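Take a look at the structure set out below.
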Amino acid sequence: MTIVEGTEMTVPQTASRHIALRFTDGQVREFDADPGETLLAAARRAGHRLVSQCTVGTCGTCVGTLVDGAGEMPSDRISTLSADELAAGQRLLCQTRALCDSSFDLDYPATLLEAHPPVGFRARITRLTWVADTVVELELKVPKAIKFGFTAGQYCRIQVPGTDEWRSYSIASGEHERFRLTFLIRILPSGVMSDFLRDAARTGQSLEVEGPLGGFVLEPAPRPTVLIAGGTGLAPMLSMLDRLRTVQPTPPILLLFGCNRPAELFHEDELAARISLMPTLEVRTVLMDNAGRDDLPAGTPLSVLRADDVAPDTVSYLCGPPPMIRAAEEQLGALGLPAHDIRAEQFVPSEN
Amino acid sequence: MALIESAIGNSGKVARQYAPYVQADWGFANHWYPACFSDEVAVNGVIGVTIGGHDIAVTRDEDGVVHAIADRCLHRGVKLSAKPMCFANKTVTCWYHGYTYNAENGNLDTIVGSPDDHLINTVGVRTYPSEELAGLIFVFVGDDDYGTPPPLDSDLPMKVTDKATPHFRDEKIVTRGIRRKLYGNWRLAAENGLDPGHLLVHWDNQIVVALDRAMPLGMKALKDDATEFVDIEGGPKGVMNRYDLPENYQPVFENPMVDIKARGTTMYEPFRVSCWLPGILMVENWPIPGITQYEFYVPIDDHHHMYFEVIADRASTPEEEKEFAFKYENFYKPLGLLNFNNNDIFAREATEEHYERFDGWNNEVLSNMDFSVVAWRKQAAKHGRGFFQSPFVDED
Numbered sequence: 004m005t006i007v008e009g010t011e012m013t014v015p016q017t018a019s020r021h022i023a024l025r026f027t028d029g030q031v032r033e034f035d036a037d038p039g040e041t042l043l044a045a046a047r048r049a050g051h052r053l054v055s056q057c058t059v060g061t062c063g064t065c066v067g068t069l070v071d072g073a074g075e076m077p078s079d080r081i082s083t084l085s086a087d088e089l090a091a092g093q094r095l096l097c098q099t100r101a102l103c104d105s106s107f108d109l110d111y112p113a114t115l116l117e118a119h120p121p122v123g124f125r126a127r128i129t130r131l132t133w134v135a136d137t138v139v140e141l142e143l144k145v146p147k148a149i150k151f152g153f154t155a156g157q158y159c160r161i162q163v164p165g166t167d168e169w170r171s172y173s174i175a176s177g178e179h180e181r182f183r184l185t186f187l188i189r190i191l192p193s194g195v196m197s198d199f200l201r202d203a204a205r206t207g208q209s210l211e212v213e214g215p216l217g218g219f220v221l222e223p224a225p226r227p228t229v230l231i232a233g234g235t236g237l238a239p240m241l242s243m244l245d246r247l248r249t250v251q252p253t254p255p256i257l258l259l260f261g262c263n264r265p266a267e268l269f270h271e272d273e274l275a276a277r278i279s280l281m282p283t284l285e286v287r288t289v290l291m292d293n294a295g296r297d298d299l300p301a302g303t304p305l306s307v308l309r310a311d312d313v314a315p316d317t318v319s320y321l322c323g324p325p326p327m328i329r330a331a332e333e334q335l336g337a338l339g340l341p342a343h344d345i346r347a348e349q350f351v352p353s354e355n
Numbered sequence: 452m453a454l455i456e457s458a459i460g461n462s463g464k465v466a467r468q469y470a471p472y473v474q475a476d477w478g479f480a481n482h483w484y485p486a487c488f489s490d491e492v493a494v495n496g497v498i499g500v501t502i503g504g505h506d507i508a509v510t511r512d513e514d515g516v517v518h519a520i521a522d523r524c525l526h527r528g529v530k531l532s533a534k535p536m537c538f539a540n541k542t543v544t545c546w547y548h549g550y551t552y553n554a555e556n557g558n559l560d561t562i563v564g565s566p567d568d569h570l571i572n573t574v575g576v577r578t579y580p581s582e583e584l585a586g587l588i589f590v591f592v593g594d595d596d597y598g599t600p601p602p603l604d605s606d607l608p609m610k611v612t613d614k615a616t617p618h619f620r621d622e623k624i625v626t627r628g629i630r631r632k633l634y635g636n637w638r639l640a641a642e643n644g645l646d647p648g649h650l651l652v653h654w655d656n657q658i659v660v661a662l663d664r665a666m667p668l669g670m671k672a673l674k675d676d677a678t679e680f681v682d683i684e685g686g687p688k689g690v691m692n693r694y695d696l697p698e699n700y701q702p703v704f705e706n707p708m709v710d711i712k713a714r715g716t717t718m719y720e721p722f723r724v725s726c727w728l729p730g731i732l733m734v735e736n737w738p739i740p741g742i743t744q745y746e747f748y749v750p751i752d753d754h755h756h757m758y759f760e761v762i763a764d765r766a767s768t769p770e771e772e773k774e775f776a777f778k779y780e781n782f783y784k785p786l787g788l789l790n791f792n793n794n795d796i797f798a799r800e801a802t803e804e805h806y807e808r809f810d811g812w813n814n815e816v817l818s819n820m821d822f823s824v825v826a827w828r829k830q831a832a833k834h835g836r837g838f839f840q841s842p843f844v845d846e847d
């Protein structure tokens, strides 16, 4: 029995079919499928991940409902779908081939497809360390019951207790440490989060957190990598270094890190430790005003970027204040890096 | 930066210098680990082991070649090793519903009671590179997409040439040993083995008394580089306590403050101790001169490890092999591997609670004698090729 739903039509045998998948959150993914290709394979080829497990038609996870067009499943094998379900339009996408342009409804939101869907949870403060005059390192414990994972470079939103204010901070710890997140937070003379951390925050206290968020993510590859960080923009770079450490073969990595003045410089020991652990890592630390630290050059991270730091296959990640990002994009572009190999996350200062 | 000197103490700053090691609670991924002893896997036999959360079935085909495949049937997830079934050469059949896997590539070759099923040849289980050496079966365990594994020798202790003690790569090598699943994180085991400060644990051990051996109470490092960092290009990475060099270590034989003296009067060739990635101890000239004892601390999960205790010697003739077997059964094993090492196990189990439940890795007070432990942590942090992660969905 061949099951073809939909109206009678002339089915072209060679042309690719246009497929649309609609998720419960209203998002739609569109792609083309070749005549003999299963919809799951076609979606994957187009870069769309769908919920599926066995890929051989036995688990029933990838079920979708045909709303328009025609989709055919193999007739010579037992399916986990009953005749009634098939008649109602249900199809296993790992087995279904479209006979014409078709669309399907899926019973889950598109966000489920993200590697690490954001979750909200309460996290306990396990450590709060002043690492410089204006920088706090905050460590939060994620409850084990929370399914939390992230990709190096992403950030979380943290609520200032007792207020409706949320602030966003990049995760500084590595992907491997899913239950202990660290953040590097710049403390301003005034500001709700700064005031809280300076005056009220205590170990053991719980905070509302949401994450992971953001598309500034490391794509681990053995390509020469240039990381440019201004101030607490170092946070995502530390997380990325953690991941890059296990990339085989480990690529050459250059980290340019700048702070304003000696009292605001932090994590020198951390970076020294990273260098001792990572033979391919080079770090250049600079201070805008290096008075008292004449062992470090004065300037911005970009002032120590040299033309020969950038190879044709270099990829770069930038994190810091907008002027630094703009200047870095310009300079890296002039050195020949295409825009898609210059990835940036900029700090957006809060209103209060 | 003077890493070693500043590495003694108790602070997050110190732990940062080997942070990846602190994270490696499930062990370092993408390394060779011993799965079992050769004689545990008969032709068409199946042994199940767990390494860093990976359940692995080791089998031997009719040509004597070993293979390692995932020890989970695709169908309903039972362990293949729970009831070994190898009906055809180079296959492992699941005892539950007959899914039959190719031992070389993991392919689902057939299903015993459903030979026309569409699943056949469309799915399979993962395979792991495996090698057999000196009476042990080694498996390369880690990321599925890691690529070509580095040579097994990069994850074995180096072959020393100055004292020429027995090594796995020697011709005429003979080994015997035991393995046992123990409670405790693998790192506590590795550190205990290397630790020059733990000799007190062995002060009253039978083998020490029986041999009238002059076993020091401790070893005092005299130089910064008393523990040697060994980093061989493309080869083993580890640290070696050069107890054999008098300018490096001063053995401590008594402490009048507590009125204690080392027992024994027989001074032996020093039992040089070294520790290697991904977690292997080599003790040369132990339990007696001319013998090497190897210990592998293979992570099972974050709270258990497989403890391999292996005695290595050379034997050229059947008589020498017989003599080694006799000494192993009646001396090395009961007095060394069991009695003596049981004291080490007692100590590791006692530390587990502090390190795992009270975050001991970031909360410990190390002293001068921990010099080589810190050196090992740094070397492991630098050369670990990745991390194992919990495979469990409901806990970590």
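So the protein lines, in turn, are chains P and D.
Each residue of the first sequence is one higher than the one before, counting from 4 in the numbering used here.
Each residue of the second sequence is one higher than the one before, counting from 452 in the numbering used here.
The C-beta atom is built at its ideal place from N, Cα and C for all residues, glycine as well.
Quantities reported herein were computed from a predicted structural model and do not represent experimental measurements.
- Residue burial annotation: Trp-827 of chain D is buried, with at least 16 other C-beta atoms found within 10 angstroms of its C-beta.
- No Cβ of chain P is located within less than 8 Å of the beta carbon of Phe-680 of chain D.
- Exclusion of the five residues before and after Thr-802 of chain D leaves Leu-639 as the residues of its chain whose Cβ lies within less than 6 Å of its Cβ.
- For the region 811-837 of chain D, the continuous alpha helix (DSSP H) assignments of 4+ residues that do not extend past its boundaries occur at 822-834, in sequence order.
- Between the C-alpha atoms of Phe-350 of chain P and Arg-329 of chain P there is a straight-line separation of about 12 Å.
- Ile-751 of chain D sits in coil when the DSSP states are folded into three classes, being neither helix nor strand.
- In the DSSP assignment, Gln-162 of chain P falls within the beta strand (DSSP E) that extends over 158-162.
- Cα atoms of Gly-336 of chain P and Pro-225 of chain P: separation of roughly 21 Å, rounded to the nearest angstrom.
- Ser-82 of chain P and Phe-538 of chain D have their C-alpha atoms some 30 Å from each other.
- Annotation: the continuous alpha helix (DSSP H) that includes Gly-644 of chain D extends over 637-645.
- One Cα belongs to Phe-34 of chain P, the other to Ala-46 of chain P, and the distance between them is close to 7 Å.
- Close to chain P, meaning a Cβ-Cβ distance shorter than 8 Å, are the following residues of the region 549-574 of chain D: His-569, Leu-570, Thr-573 and Val-574.
- Distance check between Ile-739 of chain D and each of D:His-754, D:Asp-753 and D:Ile-762 places D:Ile-762 closest, using alpha-carbon atoms only.
- Taking 8 Å as the threshold, the shortest C-beta distance from Ala-276 of chain P to chain D falls below it.
- The bridge partners DSSP lists for Gly-499 of chain D are D:Ala-508.
- In this structure, DSSP gives Thr-114 of chain P a helical state, which the three-state scheme calls helix.
- DSSP lists P:Ile-161 as the bridge partner or partners of Arg-170 of chain P.
- Straight across, the Cα-Cα distance linking Gly-67 of chain P with Phe-839 of chain D is about 35 Å.
- Under the three-state reduction of DSSP output, Lys-773 of chain D falls in the helix class.
- Taking C-beta separations shorter than 6 Å and ignoring five residues to either side along the sequence, the partners of His-548 of chain D in its chain run His-526, following chain order.
- For chain D, the residues of the region 173-193 of chain P that bring a beta carbon within less than 8 Å of one of its beta carbons are Gly-177, His-179, Glu-180, Arg-181 and Phe-182, in chain order.
- With respect to the C-alpha of Val-163 of chain P, the residue from P:Asp-311, P:Tyr-320, P:Asp-79 and P:Arg-201 having the closest C-alpha is P:Arg-201.
- Within chain D, not a single residue places a beta-carbon under 9 Å from that of Leu-340 of chain P; the smallest gap is close to 27 Å.
- Annotation: Cβ neighbours of Tyr-597 of chain D in chain P (cutoff 8 Å, chain order): Gln-251.
- At a cut-off of 8 Å between beta-carbon atoms, Asp-272 of chain P makes contact with chain D.
- With a beta-carbon spacing of about 6 Å, Arg-664 of chain D and Tyr-719 of chain D fall inside the 8 Å limit used to define contacts.
- Taking 9 Å as the cut-off between beta carbons, the residues of the region 26-59 of chain P near chain D are Cys-57, Thr-58 and Val-59, in sequence order.
- The region 275-284 of chain P makes no contact with the region 302-311 of chain P: fewer than 3 CB pairs, one atom from each, lie closer than 8 Å.
- Judged by their CB atoms, Gly-593 of chain D and Ala-480 of chain D are nearer to each other than the 8 Å cut-off.
- Along the region 241-267 of chain P, the positions whose C-beta sits under 9 Å from a C-beta of chain D are Asp-245, Arg-248, Thr-249 and Gln-251, read in chain order.
- Counting along the chain, Tyr-472 of chain D sits inside the alpha helix (DSSP H) bounded by residues 470-474.
- Between Leu-43 of chain P and Cys-97 of chain P, the gap from beta carbon to beta carbon is short of 8 Å.
- Residue contact check for Leu-280 of chain P against chain D: a CB pair falls below 8 Å.
- Under the three-state reduction of DSSP, Leu-96 of chain P is assigned to coil, being neither helix nor strand.
- The C-alpha of Met-76 of chain P lies about 5 Å from the C-alpha of Thr-99 of chain P.
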